[in-house]
Amino acid sequence: MKETTLNGKVFEEIISKEQIEQIVHELSQKINHDYQGKQPIIIAVLDGAFIFAADLIRNFDFDHQFRFVKLSSYKGMKSSGEITHLLDLDINIADRNILIVEDIVDTGVTLHHYQRKLSAQAPKNIEICSLLMKPNSLQHKDLAVKYCGQDIADEFVIGYGLDWDYQGRHLPAIYQLRKD
Ligand code: 5GP
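So the sequence shown is numbered by the numbering used here: it starts at 151 and just counts up by one.
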């Protein structure tokens, strides 16, 4: 088992670099199939999704526009339940197809809130693509994640863009906090 240590906490690899590459490849194939001619706006959620989104869109073969937004709900290793908009969208989304790209859906509170906010601007359609999902902690069961890379256990993970206290984003694989 591959391990890494951050601030004295041990994390174990659960998804390898090669597995991530395969997941990204499969997701982008599905998205390429579904978005031909639809000219969507791809909205990647900072900070965690920056590496995933960068890898994903380099496989896209359809016309699209790309924006970042920054939403925050996490404090340390727990979701706070309060959503802060740190960087908002500066593009008209009325009657446009929207694809939100997220690193991980945990409780679903962040995207549930954000989807409602976007819906108020009358887009044609909103879909979600998330690399990871924790189905056991999902509070908003109606949150539809059309493109999901992999379901994981309800444990804190880092790597491939996901941080703990701003560390660990550079790791090429996904690591889960080891229970001691
Ligand atoms: P939710 O609102 O779905 O509970 O949380 C979504 C956000 O919380 C994600 O975009 C991500 O930034 C953060 N998050 C959720 N689970 C984890 C995790 O296991 N590790 C890290 N680093 N961030 C997480």
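Using N, Cα and C, we set each Cβ at its ideal position, and we do this for glycine too.
Grab me the residues of residue i's own chain with a C-beta within less than 7 angstroms of its C-beta, minus the 5 sequence neighbours each way, in chain order.
i	result
Gln271	Ile243 and Ala244
Gly311	Gly198, Ala199, Phe200, Ile201, Phe202, Asp253 and Arg319
Phe161	Glu153, Thr154, Ile308, Tyr325, Gln326, Leu327 and Arg328
I want to check one thing, is the minimum distance from the CB of residue i to the heavy atoms of the ligand 5GP below 7 angstroms?
i	result
Phe202	no
Leu261	yes
Val219	no
Asp301	no
Asp292	no
Asp256	yes
Gly187	no
Phe161	no
What is the residue span of the alpha helix (DSSP H) that residue i lies within?
i	result
Asp398	What the structure shows of the chain is the stretch from 151 to 330, and residue 398 is not part of that stretch, so it cannot be assessed.
Val195	Note, Val195: premise wrong, no alpha helix (DSSP H); beta strand (DSSP E) at Ile191 to Leu196.
Gln380	No information on residue 380 is available, as it lies outside the stretch 151 to 330 that the chain covers here.
Leu327	Counting along the chain, Leu327 falls outside any alpha helix (DSSP H), though it belongs to the beta strand (DSSP E) covering Ile324 to Leu327.
In whole angstroms, give me the CA-to-CA distance for residue i and residue j.
i	j	result
Met251	His175	According to the sequence shown, residue 251 is Val rather than Met. Near 15 angstroms, if we compare the C-alpha coordinates of His175 and Val251.
Leu236	Ile193	14 angstroms
Ala152	Leu268	It is worth fixing the name first, because residue 152 is Lys in this sequence and not Ala. Taking the straight line from one Cα to the other gives about 40 angstroms.
His290	His263	10 angstroms
Leu239	Gly299	25 angstroms
Asp184	Leu177	11 angstroms
Ile164	Ile173	14 angstroms
Asp292	Lys220	23 angstroms
Lys159	Ser280	26 angstroms
Ordered along the chain, which non-local residues of its own chain (more than five positions away) have a Cβ less than 8 angstroms from that of residue i?
i	result
Pro322	Lys167, Ile170, Gly309 and Tyr310
Asp313	Asp197, Gly198 and Arg319
Asn182	Asn209, Phe210, Asp211 and Phe212
Lys180	Tyr297
With burial defined as no fewer than 16 other Cβ atoms inside 10 Å of the residue's Cβ, what is the status of residue i: buried or exposed?
i	result
Thr260	buried
Asp205	buried
Tyr316	exposed
Ile241	exposed
Starting from residue i, trace the beta strand (DSSP E) both ways and give me its first and last residue.
i	result
Glu305	First-last for Glu305: undefined, no H or E at that position.
Lys152	That residue, Lys152, is in no beta strand (DSSP E); it is neither H nor E in DSSP.
Asn242	Asn242 -> no beta strand (DSSP E), and no H or E assigned at all.
Ser280	Asn275 to Met283
Lys159	Lys159 to Ile165
Please list, in chain order, all residues of the same chain as residue i whose beta carbon is under 6 angstroms from its beta carbon, the five residues on each side excluded.
i	result
Asp213	Gln189
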